[in-house]
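Below: one structure, written as C-alpha cells.
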Amino acid sequence: MSSFLSSSIGKKLIMSLSGIFLVVFVLVHLILNSFLLFDSTGELFNAGAHFMSLPVIRFGLQPVLFGGFIIHIIYAITLTLQNMKARPQKYAVQNLSNSSTWSSRNMFVLGGLVLVFLAMHLMHFFIKMQITGEVPTTMLNGEEVHNGAKLVKDLFTTGTLGLVYTCLYVLGAILLGLHLSHGFWSAFQSIGFSNNIWRKRLEKVSYFYAFFIAAGFTIIPLYLHFFAK
Amino acid sequence: MADKILKELTLKIWRQKDAQSKGKFESYQINNISGGTSFLEMLDILNEELISKGTEPVAFDHDCREGICGMCSMFIDGRAHGPDDDITTCQLHMRKFEDGATITIEPWRAGAFPVIKDLMVDRTAFEKILQAGGYISVNTGGVPDGNAIPISQDDAEEAMDAAACIGCGACVATCKNSSAMLFVSAKVSHLAKLPQGRVEATRRAKSMVAKMDELGFGNCTNTGACQVECPKGISIANIARLNREFLSATIKE
Ligand code: HEM
Ligand code: SF4
Ligand code: FES
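First to last, the protein sequences are chains A and B.
Taking the numbering used here, I'd label the letters of the first sequence as residues 194 to 422.
Taking the numbering used here, I'd label the letters of the second sequence as residues 51 to 303.
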C-alpha cells in the first residue's frame, strides 16, 4: 500500500479523489449561496447557513472538508515539485499552445491563486461566523441566528471597498472556473474512468460545470453589489 | 510545380561535446535548400559543409529515415519532431519552413534522457521500463494454431493501435512534466488488450510503473500534449487504461 501511495499513479489518484470531493463541495456551496438570489430578505440563506453550523456538520463534515483541502494542496505541491525536477534543463524554445490548454499547463498557479482567494474569503465569512462570532444576528422561527445574509451584503455594498471586493470575488470565481475546466475531466482520467468516447463527453461536462460554477459565483456578488442596496 | 527553394536559413543548434560538458547554442547559415529536402537531409548537407571546413559535424540520431524506428529525435522550433503533426523528424520536409527563417534545434530535454552529444540523447530509460515487464513469457515449443485463441476485432484493433508506438520519446520530450505515461501506457495496453498478455497483466502494470517512477520521469497531469505530438497518434485513452490496470493490480494484491 505504501508503494502504491508513493507511486505516481497513486499520488494522482489521491489528487483526483480529493479534487472530486472539492468539486462536490463547491457545487453545494454555490447552491447555498444562490439562496441570496432567490430570497432578498436573506431568510432562506440564513436558514441554510444555520443548518451548516449545526454541530453534526461543524464537527463531522468540516474537518473532512479541511482535510480534503489540505491533502489536495500537499499533493499538488509534491507532484508539482517532482515534475519540475524531472526536466533539469529547460528548452530555449517550447511551444505547447497548440497541443494543450493553458489551464492544463497552469493548474498549480491557478490552484495557488484560488488558495490566496480562499484565505481572504475565510477571513470575510467563515472566521466571523463560526469562530469569533462578530456577526449581526436576526430572528429565524423564534430563534436568534447569525445574519450571514447581511454580512455578505454589507461586504459587497459598503463604500468603495464594496466594489473592490466584488471584483476580487468575480476574479476568484473565474480562477476557480479555469482550474475546474481542466480539473474536472482530468480527475476522471486519473481514476481510469475514461476512453476515447468518454473523454470527449467528460471534457464537455467539464467545461459546462466550470462555466456554471464560475458564472454562479460571479453573478452573486455582482447582483448584491448593484441591486441589493 | 517546381519545389520551393529556401535561399537562406539560420540554424540555431545545441552543441554539446559529451554528457559531461555544458553545451551551448551555435548558429549556422545554410543556403539553397529545396523544399523537398527532408529535415535530416538538410542536416546532412550542413554536416558535409562543416566537415569540408574542418569543423566537427552535428551529431544527431537517425536510422530508418522512414518513420518506423523512432531514432530521430530533436526538438525543432519548440515542438517535438518540428512543425507538423503525426510525423517523425525524418518525415519532416523543408517546405514546412519559410525562406530566411531561424530554426532552433534542441535535443529532447528530460532528466531521464541525458544528452550524449549535441542532439543525441540516451533513451536507455525506455529499454529499462520495457525490461521491467513489457513482454510476455512464452514457453518454447511448436507454433500455436493461428486461430486457437479468438480475439474480437475491436480488441485486436486497439492492441494494434497501441503497438504502433515506436519508442521515440516525443511524448516525454513534449510533456511539461517529462512524464513517460503515454509510452508506458502504449506498452501496457497493447498486451493488456490480448489474452496472451492478460496472464502477466498485474505484475506488468506494477513493475513498469515502478520502473518509470524510479527513473525520474515526471507525473502525468493529463495536459494531453503527448498525444498531439506523438508521431503514431497514440491516444491518452491508453493512459486511462494504464491507470485502471495499475489500480486494479494494487487492489488484487
Ligand atoms: C475549491 C477548490 C478546488 C477544487 C474544486 C479543485 C479541484 C481539482 C480537480 C478536480 C483536479 C484534478 C485532479 C486530477 O487531475 O486528478 C485538481 C487538480 C489540481 N489542483 Fe485543485 N482544486 C481546488 C483547489 C486547489 C488548490 C487550493 C490548489 C493549491 C495549490 C490546487 C492545486 C491543484 C493542482 C496543482 C492540480 C493538478 C494536479 C494534477 O493534475 O496532477 N487546487 N484540482
Ligand atoms: S507513445 Fe508516441 S511519442 Fe511516445 S514513444 Fe511511443 S510513438 Fe513516441
Ligand atoms: S529515422 Fe527512423 S523514425 Fe526517423
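Where is the CB? At the ideal position from N, CA and C, for every residue including glycine.
Handout entry: Member of B:V238, B:S84 and B:F296 whose CA lies at the smallest distance from the CA of F147 of chain B
Key = The shortest Cα separation from F147 of chain B among B:V238, B:S84 and B:F296 belongs to B:S84.
Problem - Residue-chain proximity (S228 of chain B, chain A), Cβ-Cβ < 8 Å - result: So, interface residue.
Exercise for the section: Could you say which of A:F401, A:L371 and A:I213 lies nearest to L306 of chain A if we only look at CA atoms? Expected result: Distances from the CA of L306 of chain A to each of A:F401, A:L371 and A:I213 were compared; the closest alpha carbon is that of A:L371.
Handout entry: Contacts that A403 of chain A makes with chain B (C-beta to C-beta distance below 7 Å)
Key = The premise fails here: A403 of chain A is roughly 15 Å from chain B at the closest Cβ pair, so nothing lies under 7 Å.
Problem - Reference D211 of chain B, options B:E76, B:F110, B:S235 and B:R173, closest by Cα - result: Among B:E76, B:F110, B:S235 and B:R173, the Cα nearest to that of D211 of chain B belongs to B:S235.
Handout entry: Neighbour-count burial assignment, P329 of chain A, 16 or more Cβ in a 10 Å radius
Key = P329 of chain A should be labelled exposed.
Exercise for the section: Out of B:I80, B:K74, B:S88 and B:L244, point me to the one whose CA is closest to E98 of chain B's CA. Expected result: Looking at B:I80, B:K74, B:S88 and B:L244, the one whose alpha-carbon comes closest to that of E98 of chain B is B:I80.
Handout entry: Alpha-carbon spacing of R291 of chain B relative to Y400 of chain A, whole angstroms
Key = Annotation: R291 of chain B to Y400 of chain A spans about 23 Å, alpha carbon to alpha carbon.
Problem - Residue-level contact to chain A via CB, F110 of chain B, 8 Å cutoff - result: Not one chain A Cβ lies under 8 Å of F110 of chain B.
Practice task
Answer yes or no: the CB of I286 of chain B versus the heavy atoms of the ligand SF4, is any distance below 7 Å?
Solution key: Set against 7 Å, the gap from the CB of I286 of chain B to the closest heavy atom of the ligand SF4 is not smaller.
Practice task
Return the residue from the list A:K205, A:S196 and A:S195 that minimises the CA-CA distance to G268 of chain B.
Solution key: Closest option to G268 of chain B, Cα to Cα, is A:K205.
Exercise for the section: Run the CB neighbour count on D149 of chain B, radius 10 Å, all protein chains shown included, and call it buried at 16 or more, exposed below. Expected result: Looking at its Cβ environment, which holds fewer than 16 other Cβ atoms inside 10 Å, D149 of chain B is exposed.
Handout entry: P157 of chain B versus A213 of chain B: straight-line alpha-carbon distance, rounded
Key = The straight-line gap from Cα to Cα measures roughly 25 Å.
Handout entry: 6 Å Cβ shell around T411 of chain A - same chain, five flanking residues per side excluded
Key = Around T411 of chain A: V363 and A366.
Handout entry: Contact under 8 Å by Cβ, A223 of chain B with R294 of chain B
Key = Judged by beta-carbon spacing, R294 of chain B lies beyond the 8 Å limit of A223 of chain B, meaning their Cβ atoms are not closer than that value.
Exercise for the section: Taking Y402 of chain A as the reference, give the member of A:S383, A:L225 and A:V217 with the closest Cα. Expected result: Of A:S383, A:L225 and A:V217, the residue nearest in Cα terms is A:V217.
Exercise for the section: Establish whether the CB of R394 of chain A and some CB of chain B are separated by less than 8 Å. Expected result: Not one chain B Cβ lies under 8 Å of R394 of chain A.
Handout entry: Unbroken stretches of the beta strand (DSSP E), 3 residues or longer, contained in the stretch 256-282 of chain B
Key = Counting whole runs of 3 or more residues, the stretch 256-282 of chain B contains no beta strand (DSSP E) stretch at all.
Handout entry: Beta-carbon proximity check, L90 of chain B vs T152 of chain B, cutoff 8 Å
Key = No, they are not a contact pair.
Problem - Neighbour flag for G212 of chain A against chain B, beta carbons, 8 Å - result: Using a Cβ-Cβ cut-off of 8 Å, G212 of chain A does not count as an interface residue toward chain B, since no Cβ of chain B sits closer than that to its own.
Handout entry: Start and end residues, beta strand (DSSP E) containing Y358 of chain A
Key = Looking at the DSSP string, Y358 of chain A is not in any beta strand (DSSP E); the run it does join, the alpha helix (DSSP H), is G352 to I384.
Handout entry: Backbone CA spacing between L308 of chain A and I264 of chain A [nearest angstrom]
Key = Between L308 of chain A and I264 of chain A, the C-alpha separation is close to 13 Å.
Handout entry: Straight-line Cα distance separating R298 of chain A from K226 of chain B
Key = Their backbone Cα atoms lie some 8 Å apart in a straight line.
Practice task
Closer than 7 Å by beta-carbon distance: list the chain B residues that pair up with F197 of chain A, in chain order.
Solution key: Listed by position along chain B, the residues whose Cβ is nearer than 7 Å to that of F197 of chain A are T300.
Practice task
Step through the CB atoms of chain A and report whether any lies within less than 8 Å of the CB of T273 of chain B.
Solution key: Among the CB atoms of chain A, one or more fall inside 8 Å of the CB of T273 of chain B.
Exercise for the section: Could you check which residue in B:L56, B:G219 and B:D113 has the C-alpha nearest to that of A175 of chain B? Expected result: It is B:G219 whose Cα lies nearest to the Cα of A175 of chain B.
Practice task
Can you say whether R253 of chain B is buried or exposed, counting buried as having 16 or more other CB atoms within 10 angstroms of its CB?
Solution key: Result: exposed.
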